[in-house]
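Reading through the structure tokens given below for one structure.
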Amino acid sequence: MDGSSNQILKLLQKNSGKKKQMQDFLENLLDLEMECPGWWNEKYKALIEKYSIMEVR
Amino acid sequence: MKIQNYRQYHDIDINFSKGSQTDLQIFIGKNGVGKTNFLNAINWCLYGDEPHLSAESDRQPIVNKQTRLESSNDEIPTVLVEIHARGKKNNPIIFKREKSYTISSDRKSVHEHQTKFVAIVKDKKNNDVFKEGEDAISLVKQFVPESIREYFFFDGERLENYFKTVTGVKIQQEMMDISQIGLLQSMSERLEKLTKEYSKEAGRLNPDFDKIRSDLDSENTRVIQLGNELTDLDTQIESAKRRLGEIEVELKGIPDVESLEIDRDGIKNQITKKTGLIEAKKIEKNDLLYKHGISLLLKDPLSNTVKIIKEKHDNGDLPPTDDKDLLLSTLDNPICKVCGSELNDKSREYIKNILQTISLSSKVAHELQSMEPWLDRYLDQNTNYPKIIKQLNYEMKLIDDELVSFNAKKIELDQKLESFNVDKVRKLQRERVSLENAKETNLRRQGRAQTDLETAKKRVEGLQIQLDKAEIEDDRSKNLANKSKFCNEAIQIVTKTKIQLLDKIRQDIEDETNKKFFELIWKKKTFKCVKIDPNYNVSLISVDDIPMLGSVGKAENELLALAFMLALHTVSGFDSPILIDTPVARISDEQRENFGKILIEISKEKQIILLFTNDEYSDNIKKIINPMASNRYAIEMARDEMSTDIKVV
Amino acid sequence: MTSSVDRLYVDESGDKKIYDRLKTEEPFFKNYTGNKELFLFAMAVGFKNEKRLPLGKRLGYFLEKDLKYEDYVLINAIAINETESLDVLANKVEIFKIAEEYAHGGLKFLSKEIGPGHYGSFSKNFELQLDKII
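Residue numbers (numbering that gives the first Met the number 0), protein chains in the order written: chain A, 0 to 56; chain B, 0 to 648; chain C, 0 to 133.
Structure representation (structure tokens):
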């Protein structure tokens, strides 16, 4: 399973291009998904808040 | 695994210890002893259901018979299945399902009492952490997701019908689940939801912002347009005024063509009328001339006759006093025709003397007398003629004069019109009228455009104010817009990744399926390869490049299905075990060896649990597997047939 | 003297043709398509121009009963003038003969006054003639 998720992560990072923020953001999301959390909405928003701002500024 | 009171199993404890080379767990048992219910137990533990229940078992309550019979009336026995497994990163995880039942007095039926499902993991300090509800289910999902459990815990029979029942879409979906691409799917779906939320929120903040901006833009455009329109109209109106002035100068001194034409028409009509009148008069004159003419031509004889009659009157011959004819005829008679007396010589002499005095015969006398009034008339007519003819001539002259005058006028008009070039005048006249109309229209349009421009300018002012106000709020919506944009970017990346992975997986599965299949198949030269298209339609291609799935035999089909499933496992990220109930029942002896070898290979990387029937576990597979199996268990029914035991062989 | 004449005659050789021409070629006569009217006119013209010509072969032109008494008056007056005797009034045959001969002569005269070159001028000339009479 790790192998597979590693593969996913690698590909996500590759497709994000040079955007470090996006890469980190997606990695966090992936981890989140693997955990299958209950309150995904809040957790997602927090991540978006964090990384989207960093992206802009 | 621990099983208590579940169907045939009263109390079972199995340790699936790994072997040195493989993790291959073999179970052998007769049909009907509970082999399949072993598989059901696992399902029941993880998912709470029993998908492989036989008709026979279905009739029985879930609670083990022995337990049912042995428990007292007050006892509420618990059915328990517990699975100890290795989860993510090899961390231990325990899945435990317990359900207590009340037993009916006749011991034949049960009633659900309480249920409990829990997943137990270790924390960082190695303490047990109990997960229940959603969290527990979530952990099951990470272990073997329910939607694709058939690929991990399945009935060997299924292999036979695999391609008949499974559609490409389902496989694709299941691929997503197995390979964890489902994670990406979930990610993009959630990001999508949030993106929409952000947009909606931004919209709520200043819903009209974009609208205000676009309204302002279009209003500004309109102001410019109207300005241009007014400029054009001014130019046109000025140009019309100038030209009208020119035309007026040209036409000045020139009579109005129209009215000249009208006059001319009037005169023409008069001429026609008068001409008609003259003709009538001519006819009248002819009549006159004829009537009077005869009497005038015969003036002399008529006058003479009148003279003669007068003389006769003077003479006394007229009117006749005596009838000459009568007297003449009397002479021839003896009796006087006048008085009726007898005639003698004397009386004859007397009559003769009278006759001598009479000059006219009676007939003539009568004739003359009859003629007299007519003769008078003719002479009167003759007398009147000069006057009458004079009057008539005079009337005719008057009309003629009028005619002459009208003709003269017509000529004058014609000359006038001719001399001033009628066509040119007409053209100018028409242009003048048309310009005047156009000028009026333009003036009206000018008025409207002016009003519209003022309105538009006011609107621009208003919108600008609105926009300024909206821009203050815009910062917040900018933030939201930014987040939305970020999410969209992420979605695109995730989707792209998903597609790439799906394809890679498909390709990997295809490769792996090919590998496994050609390891297994005995007719190597018949088949060329296995193809899996993007819709996960699996096809076998013959050496002649013809797809041949429909015409493939049962065994080959099963081999393909198995190969495909094994490929799924290899490619998917799950480390969970594979459990196959009656793995080789449909396969011939010869292929069983191959199957055995394949399964051994797989078990070097993955835990494989196989449940064989006695017949199934024939010698040729036995000899392959036995040396490599980590554990071998026999599933046997107890002598009292109340329960089944699982014992290590 | 009794008379069996019931019609008046014209010269067969050409009179009818002339009468027809009068009707068709001269507008003055267009309204008088009656033979009697034309005959009387010709008769008057013949008398005025002293042209009395005997008829050749006779052709009936109109019936006596067409004559009105006012027409008789004209014929009688000519006859009286011609014979210088009132007795002619008792001789219808003679009266008619005189009328016919004058009509025949008058027609000859008229035929020269009409035709190509004369169209429409007859009435004018006739008017002038009448002016001389009055």
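In this text, a Cβ means the ideal position worked out from N, Cα and C, and glycines have one as well. The structure displayed is predicted, hence computed values, not measured ones.
Under the 7 Å criterion on CB atoms, Ile293/B is classed as interfacial with respect to chain C. Closer than 7 Å to the CB of Leu66/C there is not a single CB belonging to chain B.
Boundaries of the beta strand (DSSP E) harbouring Met636/B: Asn630 to Met636, taken from the DSSP string. Nearest neighbour of Tyr616/B by Cα position, chosen from Ile601/B, Lys605/B, Lys603/B and Asp588/B, turns out to be Asp588/B. When 8 Å is used as the limit between beta carbons, Lys495/B is near these residues of chain A: Asn14, in chain order.
For Lys111/C, there are no neighbours in chain B by C-beta distance under 9 Å, as the nearest C-beta there is about 17 Å away. In this model, Arg67/B and Asn536/B are separated by some 49 Å (Cα to Cα). Taking each of Cys44/B, Ile11/B, Pro372/B and Lys240/B in turn and checking the Cα distance to Val432/B, the smallest one comes out for Lys240/B. Close CB contacts of Gly18/B within its chain, under the 8 Å cut and outside five residues either way in sequence, are with Met627, Ala628, Ser629 and Asn630 (chain order). When C-beta distances to chain B are compared with 7 Å, the residues of the stretch 40-64 of chain C below that value are Phe40, Ala43, Val44, Phe46 and Lys47, in chain order.
Any Cβ of chain B closer than 7 Å to the Cβ of Glu32/A would place that residue at the interface, and such an atom is present. A contact between stretches requires three or more CB pairs, one per stretch, nearer than 8 Å, and the stretch 446-454 of chain B fails this requirement with the stretch 205-215 of chain B.
Asp413/B and Glu430/B have their C-alpha atoms roughly 23 Å apart.
Distance from the Cα of Ser122/C is smallest, within the candidate group Leu21/C, Leu54/C and Lys50/C, for Leu21/C.
The DSSP-derived three-state label of Ile102/B is strand. From the beta-carbon of Trp39/A, the residues of chain B found nearer than 8 Å are Arg189.
A direct Cα-to-Cα measurement between Lys111/C and Cys335/B gives close to 60 Å.
Note that the C-beta distance between Thr304/B and Ala76/C is below 7 Å. Cβ proximity to chain C below 8 Å picks out Glu366, Leu367, Ser369, Met370, Trp373, Leu374, Arg376, Tyr377, Asn381, Tyr384 and Pro385 from the stretch 366-387 of chain B. Cβ-Cβ distances below 8 Å link Pro91/B to His83, Ala84, Arg85, Val120 and Lys121 in the same chain, with the five nearest sequence neighbours on each side left out; the list follows chain order. The three-state reading of DSSP puts Phe151/B in coil, since its state is none of H, G, I, E or B. Excluding five sequence positions before and after Leu434/B, the CB atoms of its chain that fall closer than 8 Å to its own CB belong to Ala239, Arg242, Leu243 and Ile246, given in chain order. Within its own chain, the residues whose Cβ lies closer than 8 Å to the Cβ of Leu402/B, once the five positions on either side in sequence are excluded, are Ile270, Lys273, Thr274 and Ile277, listed in chain order.
By the CB criterion at 7 Å, Val493/B and Leu183/B fall inside the cutoff. Bounds of any beta strand (DSSP E) do not take in His51/B, whose DSSP letter is neither H nor E.
Of the candidates Ala201/B, Phe208/B, Ile13/B and Arg6/B, the residue whose Cα lies closest to the Cα of Gln465/B is Phe208/B. With a beta-carbon spacing of about 7 Å, Lys130/B and Val117/B fall inside the 8 Å limit used to define contacts. Leu28/A has a beta carbon lying within less than 7 Å of a beta carbon in chain B. For Leu29/A, the enclosing alpha helix (DSSP H) stretches over residues Lys19 to Glu34.
Here Leu578/B is bridged, per DSSP, to Phe152/B and Ile608/B. The DSSP-derived three-state label of Cys528/B is strand.
Approximately 6 Å separates the beta-carbon atoms of Lys497/B and Ile180/B; this is inside 8 Å, confirming the contact. Within the stretch 74-103 of chain C, contact with chain B at the beta-carbon level (separation under 7 Å) is assigned to Asn75, Ala76, Ile77, Ile79, Asn80, Leu85, Asp86, Leu88 and Ala89. Under the three-state reduction of DSSP output, Ser70/B falls in the coil class, being neither helix nor strand. By the Cβ neighbour-count rule, Asn80/C is buried, with 16 or more other Cβ atoms within 10 Å of its own. When the alpha-carbon of Asn30/B is set against those of Val647/B, Ile607/B, Gly595/B and Asp580/B, the nearest one is in Asp580/B.
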